């Protein structure tokens, strides 16, 4: 089967843009990705667009209304926080299927500030704070406390994730924040839902990212192969049944399953991967995924962060972009922003946050409910 | 609605006309997976039409928790959101009461028991009151 490459990719600087529209932001990312590979909107044969909050609003077509209405097929998709990665994967599938040679994938989101969701009840009474909590910080706090229960992971270890990712983002001009947050600052920030303090929660931002995917034949024909990055694996899973998943949305088993399948598809193991962008929606989550992705045994995840192995310069740097914790988490854009980071790293164009000799990188996202998407990318030979 | 006149805060909390409130599970006749809330097909093994109801135990142990300090507007904080494995099967989430909401006071595996009480005075749009369940530390004495 034809190999598929990322030929062009870009993301806008994440931030808050209340005076701009979702299609506006998406259009900026599309222009960036087209310019990155020197192509025109007329070269695109299909488009997959990820957006969550306005999933019924034909965002993909409205982006084309800003960048060129060429009449190509557009599919709008929503898959919680895996939305962008799902759009990217659909573009990959379309090329794999042999239907197209050049496909555009876009992810875009505009977010409010503060907690997602609300307590209003459609009928009956609100259950938040009555039958436990369903806020995202609490759900991921409980997932982290399960790890503490099973493996003894500590508040301080969870907090170190946030210290690391905020540090990484000081080297990423496209991140929302470029601010160091020492351990005491993280641990003494407002406690939202123990053990997640405010600095251990991902930042709600507006953002957009886009990628031009291309078949190997076409990338060679257009002489774009040298800067292109090969997609070695693309996997999407849902959550297999778990005994507690009615009250604890499970982000572990879908990640473990996706990782196993991705390594198998790529013919690789975790020891081959040079860097990872994983779904640190909360600091607690990153620790869980060290084990889920096979970077270490689950019980050694706390040690992995303590000993600095997942920092830039460590054995397996994780979230050198700053991650969702500091780069920001515009839900539908996140999956493709991860592809931007890994592609930039594999091209050796990541500036001061460059992972030395990076050849293979992984992206991972979780949409609660649940969906897990993993991609493994390889530098062109 | 039982003698108290309170309505159930959630579908798996049952209030018989005579007798004590209880939590109701659905159990798969094929693989014995336990669910909260009514269903006809088992999502673990896919077996159809073999579900039967079960009265879930009023005792269990604490599996995971969070102390919630910030919630949605209008929700009083702090409170402990607790994940409890009930004895005999079924995992339920609820508020843990009778413990200061400080992580130091909360131990994994601690025995807890279910108590049924008014739903913190919360009313629906028609002014109806509700019955909810809570967990509290369980001592044998």
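Protein chains in written order, with our numbering: chain W, 62 to 442; chain Z, -17 to 123.
Glycine included, every Cβ here is placed at the ideal spot set by N, Cα and C.
Just so it is clear, the structure is predicted and the values come from calculations on it, not from any experiment.
Residue i: contacting residues in chain W (beta-carbon distance under 7 Å)
i                     : result
residue 47 (chain Z)  : 203 and 206
residue 61 (chain Z)  : 190
residue 102 (chain Z) : 191
residue 114 (chain Z) : 191 and 192
residue 64 (chain Z)  : 193
Residue burial classification, residue i (beta-carbon count within 10 angstroms, cutoff 16)
i                     : result
residue 251 (chain W) : exposed
residue 13 (chain Z)  : exposed
residue 105 (chain Z) : exposed
residue 402 (chain W) : buried
residue 184 (chain W) : exposed
residue 21 (chain Z)  : exposed
residue 130 (chain W) : exposed
residue 170 (chain W) : buried
residue 118 (chain W) : exposed
residue 30 (chain Z)  : exposed
residue 2 (chain Z)   : exposed
residue 211 (chain W) : exposed
CA nearest to the CA of residue i, picked from the options
i                     : options                       : result
residue 244 (chain W) : W:219, W:237 and W:336        : W:219
residue 273 (chain W) : W:264, W:392 and W:166        : W:166
residue 406 (chain W) : W:378, W:388 and W:394        : W:378
residue 311 (chain W) : W:202, W:179, W:123 and W:87  : W:202
residue 414 (chain W) : W:88, W:293, W:159 and W:336  : W:336
residue 236 (chain W) : W:268, W:80 and W:178         : W:268
residue 68 (chain W)  : W:287, W:240, W:325 and W:234 : W:287
residue 409 (chain W) : W:441, W:338, W:385 and W:362 : W:441
residue 150 (chain W) : W:176, W:304, W:298 and W:334 : W:298
residue 82 (chain Z)  : Z:72, Z:114, Z:111 and Z:61   : Z:61
residue 327 (chain W) : W:148, W:439 and W:103        : W:439
residue 341 (chain W) : W:159, W:426 and W:138        : W:426
residue 49 (chain Z)  : W:123, W:101, W:130 and W:199 : W:199
residue 289 (chain W) : W:84, W:97, W:86 and W:77     : W:97
residue 357 (chain W) : W:395, W:382, W:317 and W:418 : W:317
residue 5 (chain Z)   : Z:-1, Z:15 and Z:19           : Z:19
residue 106 (chain W) : W:136, W:77 and W:113         : W:136
residue 102 (chain Z) : W:143, W:190, W:75 and W:178  : W:190
residue 46 (chain Z)  : Z:26, Z:74, Z:96 and Z:16     : Z:74
residue 271 (chain W) : W:90, W:64 and W:283          : W:90
residue 395 (chain W) : W:330, W:172, W:420 and W:314 : W:172
residue 90 (chain Z)  : Z:43, Z:23, Z:27 and Z:26     : Z:43
residue 263 (chain W) : W:230, W:371, W:390 and W:154 : W:390
Limits of the alpha helix (DSSP H) - the one that residue i falls within
i                     : result
residue 95 (chain Z)  : From DSSP, residue 95 (chain Z) is part of no alpha helix (DSSP H) but of the beta strand (DSSP E) over 93 to 105.
residue 221 (chain W) : 216 to 230
residue 98 (chain W)  : 83 to 98
residue 387 (chain W) : 384 to 387
residue 367 (chain W) : 362 to 367
residue 41 (chain Z)  : Here residue 41 (chain Z) belongs to no alpha helix (DSSP H); instead the beta strand (DSSP E) covers 41 to 50.
residue 111 (chain W) : It is not in any alpha helix (DSSP H) - residue 111 (chain W) instead sits in the beta strand (DSSP E) that spans 107 to 111.
residue 81 (chain Z)  : Neither: residue 81 (chain Z) is in no alpha helix (DSSP H) and is coded neither H nor E.
residue 116 (chain Z) : Run containing residue 116 (chain Z): none in the alpha helix (DSSP H); it sits in the beta strand (DSSP E), 111 to 119.
Proximity test, residue i beta-carbon vs the ligand COA heavy atom, cut-off 8 Å
i                     : result
residue 126 (chain W) : As presented, the structure is devoid of all ligands, the ligand COA included, so that no description of it is given.
Within chain Z, partners of residue i - CB distance below 8 Å
i                     : result
residue 176 (chain W) : 52, 53 and 54
Chain-ordered neighbours of residue i on chain Z, where CB pairs are closer than 9 Å
i                     : result
residue 187 (chain W) : 54, 56, 57 and 104
residue 432 (chain W) : Within 9 Å Cβ-Cβ: nothing; residue 432 (chain W) doesn't reach chain Z, min ~16 Å.
residue 344 (chain W) : Here the premise fails: no neighbours, minimum Cβ distance about 13 Å.
Contact set between residue i and chain Z, taken where Cβ atoms lie within less than 7 Å
i                     : result
residue 210 (chain W) : 45, 46 and 90
residue 179 (chain W) : 54
residue 395 (chain W) : Residues of chain Z passing the Cβ test: none, with the nearest at roughly 23 Å.
residue 199 (chain W) : 48, 50 and 63
For residue i, the first and last residue of its enclosing beta strand (DSSP E)
i                     : result
residue 402 (chain W) : Counting along the chain, residue 402 (chain W) falls outside any beta strand (DSSP E), though it belongs to the alpha helix (DSSP H) covering 392 to 407.
residue 150 (chain W) : Where residue 150 (chain W) is concerned, there is no enclosing beta strand (DSSP E), although the alpha helix (DSSP H) it sits in stretches over 144 to 157.
residue 326 (chain W) : Not the beta strand (DSSP E): residue 326 (chain W) falls in the alpha helix (DSSP H), residues 314 to 327.
residue 17 (chain Z)  : 16 to 18
residue 72 (chain W)  : 65 to 72
residue 128 (chain W) : Not the beta strand (DSSP E): residue 128 (chain W) falls in the alpha helix (DSSP H), residues 120 to 128.
residue 249 (chain W) : Run containing residue 249 (chain W): none in the beta strand (DSSP E); it sits in the alpha helix (DSSP H), 244 to 249.
residue 350 (chain W) : Counting along the chain, residue 350 (chain W) falls outside any beta strand (DSSP E), though it belongs to the alpha helix (DSSP H) covering 344 to 353.
Interface residues of chain W facing residue i [CB-CB closer than 8 Å]
i                    : result
residue 26 (chain Z) : 302
Members of the segment -9 to 24 of chain Z near chain W, C-beta cut-off 8 Å: The segment -9 to 24 of chain Z vs chain W, Cβ under 8 Å: -9, -8, 15, 16, 17, 18 and 19.
Contact residues within the segment 287 to 312 of chain W, judged by C-beta distance below 7 Å to chain Z: Cβ contacts with chain Z: 302, 304, 305, 307, 308 and 309.
Chain Z contacts from the segment 247 to 269 of chain W (Cβ-Cβ distance under 9 Å): Those residues of the segment 247 to 269 of chain W placed with their C-beta closer than 9 Å to a C-beta in chain Z are 251, 252, 253, 254, 255, 256, 257 and 259, ordered along the chain.
Interface residues of the segment 74 to 96 of chain Z facing chain W [CB-CB below 7 Å]: For the segment 74 to 96 of chain Z, residues whose beta-carbon sits nearer than 7 Å to a beta-carbon of chain W comprise 74, 75, 76, 77, 85 and 90.
The segment 353 to 368 of chain W: positions lying closer than 7 Å to chain Z by Cβ: Residues: none.
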